[in-house]
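> Handing you a structure now.
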Amino acid sequence: MSARATPPNDPSTPSRRLHQDRWPLSAASSMDSISSVLSSQPKLRQAKRTVYEKLDAVLAAMKVFDSLGEFLSVLFYSHPNKSNKVDPRTARHVSVVSAFLQGTSGIHMGHIIDLIYKHRQSQPKQSSQHPNEIYLAFSPAVSPTNIHHARPAMSSWATQLVGEAVHRGVGRLTKNDPDDPDDTTLLRATTNGRSKNVRVAAWKDYASFSMAAIGEKKFVVE
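For the sequence shown, this note's numbering gives the first residue as 105, with consecutive numbering after it.
If you want it as structure tokens, here you go:
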């Protein structure tokens with residue numbers, strides 16, 4: 105009776121067992137070789153982004169707001185001290201804005217104001233949607249919130265702020281000292297007679313008027 109032929113793929117054959125015994129060693133050797141090659145290659149690092157690339161990423165995230173103006177108005181929101189409502193700002197929001205407004209960062213508000221005022225897009229042009237706003241620069245009456253372009257809005261805001269400060273200062277300087285009966289800085293030109301003990305200005309009072317005396321009074325008050 106003839107011997108039974110062994111199938112070529114029979115794992116019991118010597119050649120098959122030899123191949124199986126060698127395979128794990130061959131695989132391990134190959135993995136070691138790959139690891140060696142990879143470790144010898146220089147590691148690729150992401151290139152450092154420029155400040156403008158970082159800004160572009162921030163602007164992309166800001167699309168949740170309708171505009172840059174809305175973002176800034178929310179950013180600089182100041183919660184009233186005596187409000188009964190909960191402050192909607194996070195601790196990070198408060199900390200970042202406070203550091204900027206208090207000038208603890210390298211770039212503070214003075215730099216930003218100058219950049220905005222001198223920016224060429226802040227000045228109205230003939231091709232602008234509101235070209236006539238160029239005539240509103242340093243306006244003492246028009247509210248800055250009604251001026252679209254940044255430069256005339258900023259100059260009008262500054263003019264009105266100074267005007268209010270001057271008005272308060274004049275009021276303090278021309279107010280008679282209640283503890284000094286001889287202080288006649290403020291006198292009435294006429295009287296209707298209904299008020300008693302009202303002194304009316306005389307020519308000698310006009311002649312004795314002195315800005316230097318008012319200046320001295322200012323230093324005493326302050």
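Even for Gly, the Cβ is constructed at its ideal location relative to N, Cα and C.
The structure presented is a predicted model; accordingly, all values stated were derived computationally and were not measured.
Where L219 and G275 are concerned, what is the direct C-alpha to C-alpha distance, given to the nearest angstrom?
Numbered from 1 along the sequence shown, position 115 holds the residue referred to as residue 219. Numbered from 1 along the sequence shown, position 171 holds the residue referred to as residue 275. In a straight line, the C-alpha of L219 is about 35 Å away from that of G275.
> Rounded to a whole number of angstroms, what is the C-alpha to C-alpha distance between S259 and A241?
By 1-based counting over the sequence shown, the position of residue 259 is 155. By 1-based counting over the sequence shown, the position of residue 241 is 137. Approximately 6 Å, taken between the alpha carbons.
> Using only alpha-carbon positions, find the residue among L277, S247 and K186 that is nearest to T263.
Working through the sequence shown from its first residue, we reach residue 263 at position 159. The option with the nearest alpha carbon to T263 is S247.
> Reducing DSSP to helix, strand and coil, say where V84 ends up.
In the structure as shown, the chain begins at 105 and stops at 326. Residue 84 is therefore absent and cannot be evaluated.
> Would you report the Cα separation of S202 and R193, rounded to the nearest angstrom?
Taking the first residue of the sequence shown as 1, we reach residue 202 at position 98. Taking the first residue of the sequence shown as 1, we reach residue 193 at position 89. Roughly 12 Å between the two C-alpha positions.
> Here's a check: name, in chain order, each residue in its chain whose Cβ is nearer than 6 Å to the Cβ of A257, leaving out the five neighbours to either side.
In the sequence shown, residue 257 corresponds to position 153, counting from 1. For A257, where only same-chain residues beyond five positions count, the Cβ hits under 6 Å are P248 and I251.
> Are the Cβ atoms of S226 and R255 separated by less than 7 Å?
Within the sequence shown, numbered from 1, the residue matching residue 226 stands at position 122. Within the sequence shown, numbered from 1, the residue matching residue 255 stands at position 151. For S226 and R255, yes; Cβs fall inside 7 Å.
> Using DSSP with H/G/I as helix, E/B as strand and the rest coil, what is D191?
Along the sequence shown, read from residue 1 onward, the residue named residue 191 stands at position 87. Here D191 sits in coil by DSSP.
> Quick one: is R149 near chain C, going by C-beta distance under 7 Å?
Structure shown: chain C not included; a single protein chain is present.
> For W261 and A151, what's the separation of their Cα atoms in angstroms?
Residue 261 sits at position 157 when you count from the first residue of the sequence shown. Residue 151 sits at position 47 when you count from the first residue of the sequence shown. Taking the straight line from one Cα to the other gives about 44 Å.
> Using DSSP with H/G/I as helix, E/B as strand and the rest coil, what is A203?
For the purposes of this step, residue 203 is identified with residue 99 of the sequence shown, where counting begins at 1. A203 falls in the helix class under three-state DSSP.
> Could you tell me the boundaries of the alpha helix (DSSP H) in which I220 lies?
Taking the sequence shown and counting its residues from 1, one reaches residue 220 at position 116. M213 to K222 is the extent of the alpha helix (DSSP H) around I220.
> Given this structure, state the Cα-to-Cα distance separating H234 from R224, to the nearest angstrom.
Residue numbering aside, residue 234 sits at position 130 when the sequence shown is read from its first letter. Residue numbering aside, residue 224 sits at position 120 when the sequence shown is read from its first letter. Their backbone Cα atoms lie some 15 Å apart in a straight line.
> When burial is assigned at 16 or more other CB atoms within 10 Å of the CB, is P97 buried or exposed?
In the structure displayed, the chain extends from 105 to 326; residue 97 sits before or after that span and is not available.
> H197 by DSSP, collapsed to three states: which one?
As a working mapping, residue 197 is identified with position 93 in the sequence shown. Three-state result, H197: helix.
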